[in-house]
Amino acid sequence: MLTFAAITPHTPLLIPTIGKDNLKKLDATAKGLQTLTQSFVEASCDTVIIISSHASQHADAFSINLHDEYRTDFKDFGDMGTTKEFKPDLDLITKIQRTSRDQRVPFTLNSIASLDHGIGVPLHYLTENGPSPKIVPLSYSGLSSKDHLKFGNLLKDLIDQSHSRIGVIASGDLSHCLTSDAPLGFRKEGELFDETIRQAVAGSSTSTLLAMDDELPKQAGSCLYQQLLVLFGILERKKTRPEILSYEAPFGVGYLVAEFHV
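To convert, count from 1 in the sequence shown and add 135; that's my numbering.
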């Protein structure tokens, strides 16, 4: 059963050894994650499905990273010491693979021990002072928006059938072009994209996501869109109360922390 659902940013600047003085500019996000962590601990998740944008991706298939053991890794950002180990939920991964095959949903497996910051940052916060659940590192695909929503529905059915307590996290950052000094410079589409996403989340509105122009996430330089479609597919027809815990863009990149109380 589903016990936790959330959206988190994954900028490595949130890791103290990497962000250092920049953390002061991410105060709202850090506080939002602290609040989210309290809910996560109370949810007592046995397993967490993390939908990330930086894991291995395939244009024509959804994928899961299956390895006998994982470790978070921030060495690309100069941090060799901040790491944690996790185990996969083999039973749930097997069911996702089998059901995808039965329903003819394009799906494949990867096998990489190292978990990049797209998964490592949210796990760093949520499991810092508590037990580590099993994880399912999931990557979205290059398929259509409706395909992502449908895949979320597939996951929803498997989660509902499970006796385990399962959480779902959509990990990603919003527009990377909100200011002139942003990573992609300023683009007018950035603000429109972030506002549209916030409206969709606040209203739990799948239709708002589906109505978005396919080019807008690309023009806004976002790495958080397909994850939301999968998450909304999981939440479809469930009674949830969305709560935006924080939103800020101190470096020209939109960081959103939100929880769907289930």
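Glycine included, each C-beta is placed from N, C-alpha and C at the ideal position.
Mind checking which residues open and close the alpha helix (DSSP H) that includes residue i?
i    : result
K269 : Unbroken run through K269 is the beta strand (DSSP E), 269-274; no alpha helix (DSSP H).
F328 : 323-337
P151 : 151-154
Are the CB atoms of residue i and residue j nearer to each other than 8 Å?
i    : j    : result
F212 : I153 : yes
G277 : D208 : no
G356 : S310 : yes
G302 : F139 : yes
H193 : T243 : yes
S306 : T164 : no
T182 : L250 : no
N200 : I247 : yes
L366 : I150 : no
Y275 : F197 : yes
L225 : L380 : no
P257 : D195 : no
V176 : P223 : no
I184 : L313 : no
Can you grab the Cα-Cα spacing for the pair residue i / residue j, in whole Å?
i    : j    : result
V388 : A337 : 20 Å
S191 : L290 : 19 Å
C180 : S174 : 10 Å
T111 : D203 : Absent from the structure is residue 111, since the part of the chain shown begins at 136 and ends at 397.
P352 : T234 : 30 Å
A178 : A141 : 12 Å
E324 : D214 : 33 Å
T218 : R206 : 6 Å
L363 : T343 : 11 Å
D292 : R300 : 14 Å
L370 : K210 : 35 Å
S188 : D348 : 19 Å
L327 : E383 : 15 Å
L137 : R372 : 13 Å
E394 : R236 : 31 Å
A294 : R322 : First, the residue type needs correcting, since residue 294 is Ile and not Ala in the sequence shown. So the alpha carbons of these two residues sit roughly 39 Å apart.
Q169 : R376 : 19 Å
I332 : Q296 : 30 Å
Q334 : L158 : 27 Å
The beta strand (DSSP E) with residue i in it runs from where to where?
i    : result
P144 : Careful: P144 lies outside any beta strand (DSSP E) and carries neither H nor E.
L391 : 390-396
Label residue i either buried or exposed according to how many other C-beta atoms from any shown protein chain fall within 10 Å of its C-beta, with 16 as the threshold for buried.
i    : result
Q361 : buried
H298 : exposed
P318 : exposed
A346 : exposed
E350 : exposed
H396 : exposed
G253 : buried
P147 : buried
P266 : exposed
G167 : buried
K269 : buried
D329 : buried
R162 : One detail in the question is off: residue 162 reads as Asp in this sequence, not Arg. The residue in question, D162, is exposed, as its Cβ has fewer than 16 Cβ neighbours within 10 Å.
G368 : buried
D156 : exposed
Any chance the CB of residue i is under 7 Å from a heavy atom of the ligand GTP?
i    : result
D282 : Within the structure as shown, the ligand GTP is missing, as the structure has no ligands at all.
* To do: Pick out the complete beta strand (DSSP E) segments inside the region 177-249, 3 residues or longer, and give them in chain order.
  => 182-187, 197-200, 205-207, 242-245
* Asked: Residue ranges of each alpha helix (DSSP H) run of no fewer than 4 residues wholly in the region 249-310, ordered along the chain?
  -> 252-261, 280-296
* **Length-filtered (4 minimum) alpha helix (DSSP H) runs lying within the region 343-380** => Taking only runs of at least 4 residues, the alpha helix (DSSP H) segments lying wholly in the region 343-380 are 351-354, 361-370.
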